[in-house]
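Residues 1 to 240 (the UniProt record's numbering) make up the sequence shown, in order.
Please read the structure below before turning to the comments.
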Amino acid sequence: MINLLAQIDYAASTGRSVWHRASALTKLVLAAATIAAAITAPRLDALLAVHLFAWALALTSGLAPRLLLTAAAYPLMFSLLVAAGRWDGTWTTPLMLLMRPVGAGLVSVWLLGTTPYPDVFAPISRVLPRRAGDGLFLTYRALFALLTRTDQVWRALRLRGGLAVPARRRLAHAGDGLGLLVVYSAERSRRLYETMRLRGHTGRVCGCRHWAEVGPRDLVVLGAFAVLVAITTFGWWRAQ
1 MINLLAQIDY
11 AASTGRSVWH
21 RASALTKLVL
31 AAATIAAAIT
41 APRLDALLAV
51 HLFAWALALT
61 SGLAPRLLLT
71 AAAYPLMFSL
81 LVAAGRWDGT
91 WTTPLMLLMR
101 PVGAGLVSVW
111 LLGTTPYPDV
121 FAPISRVLPR
131 RAGDGLFLTY
141 RALFALLTRT
151 DQVWRALRLR
161 GGLAVPARRR
171 LAHAGDGLGL
181 LVVYSAERSR
191 RLYETMRLRG
201 HTGRVCGCRH
211 WAEVGPRDLV
221 VLGAFAVLVA
231 ITTFGWWRAQ
């Protein structure tokens with residue numbers, strides 16, 4: 001999981017596709033519209049068209065196909081249980097239940113894999129309360145460090161034989177490891193806050209405006225949005 005998130009974050013900052021050059025605002029609008037179209041598609045054929053559109057976005061983002069397949073597998077695993085519980089004797093209902101989250105997941109990976117995370121959270125912080133927006137930004141940033149530390153603790157326990165003991169002692173070791181992670185998280189949060197204050201933090205993490213600078217590079221996003229509108233309109237027209 002940590003490797004997947006790290007690869008997506010790295011691709012967002014180093015990619016050179018047409019999507020990377022577009023502004024974060026237009027990509028956020030396109031991603032939200034695509035997810036809404038996937039959720040509200042009334043028929044299987046309409047959902048299939050939106051699903052193929054999501055795959056087209058993902059495959060042209062410059063992300064590795066293995067990374068896309070791994071990212072699509074996560075929502076698919078959880079959706080299998082829902083699809084099994086909602087099965088009505090036909091294949092249409094479970095197939096639609098599986099395709100909706102996979103399509104939404106692909107669009108999310110496309111957005112996060114082509115947009116640096118400060119640009120993703122900057123417009124969100126304009127809608128949410130300031131503390132909530134900054135909290136989301138810092139939580140995403142600290143997630144990588146915390147997952148790395150968790151992996152180090154787990155590896156140390158395994159190499160030192162902490163898992164080859166009776167269950168009672170394994171629980172004790174797990175509690176010690178969890179306590180270590182809590183202390184580490186608190187200390188890292190304190191150091192991060194002190195660093196931000198030292199560098200002039202004034203209450204908003206990202207005061208930049210380049211995420212909303214729409215220009216000629218966003219024409220490809222606007223074209224994709226027009227295609228999505230045509231697909232969605234045709235799907236709803238067929239459903240009537």
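Quick reminder that beta carbons are idealized off the backbone N, C-alpha and C, glycines included.
If you're wondering where the values come from, they're calculated on a predicted model, not measured in any experiment.
- If you draw a 10 Å sphere on the C-beta of Leu-28, you find 16 or more other C-beta atoms in it, and that means buried.
- C-alpha of Ala-22 to C-alpha of Thr-92: approximately 36 Å in a straight line.
- Ranked by how close their Cα comes to the Cα of Ala-64, the residues Ile-8, Gly-85, Leu-112 and Gly-103 have Ile-8 in first place.
- Within the same chain, and ignoring the five residues on either side of Ala-46 in sequence, the residues whose Cβ sits closer than 6 Å to its Cβ are Gly-235.
- Remark: C-beta atoms of Val-220 and Val-50 do not approach each other more closely than 7 Å.
- Around the beta-carbon of Leu-178, fewer than 16 other beta-carbon atoms lie within 10 Å, marking it exposed.
- About 19 Å separates the Cβ atoms of Ile-35 and Ala-83, ruling out a contact at the 8 Å cut-off.
- Taking every protein chain shown into account, the CB of Thr-233 has fewer than 16 other CB atoms within 10 angstroms, so this residue is exposed.
- In terms of Cα proximity to Leu-68, the closest of Leu-112, Leu-128, Thr-150 and Arg-155 is Leu-112.
- The C-beta of Pro-216 has fewer than 16 other C-beta atoms within 10 Å across all chains shown, which makes the residue exposed.
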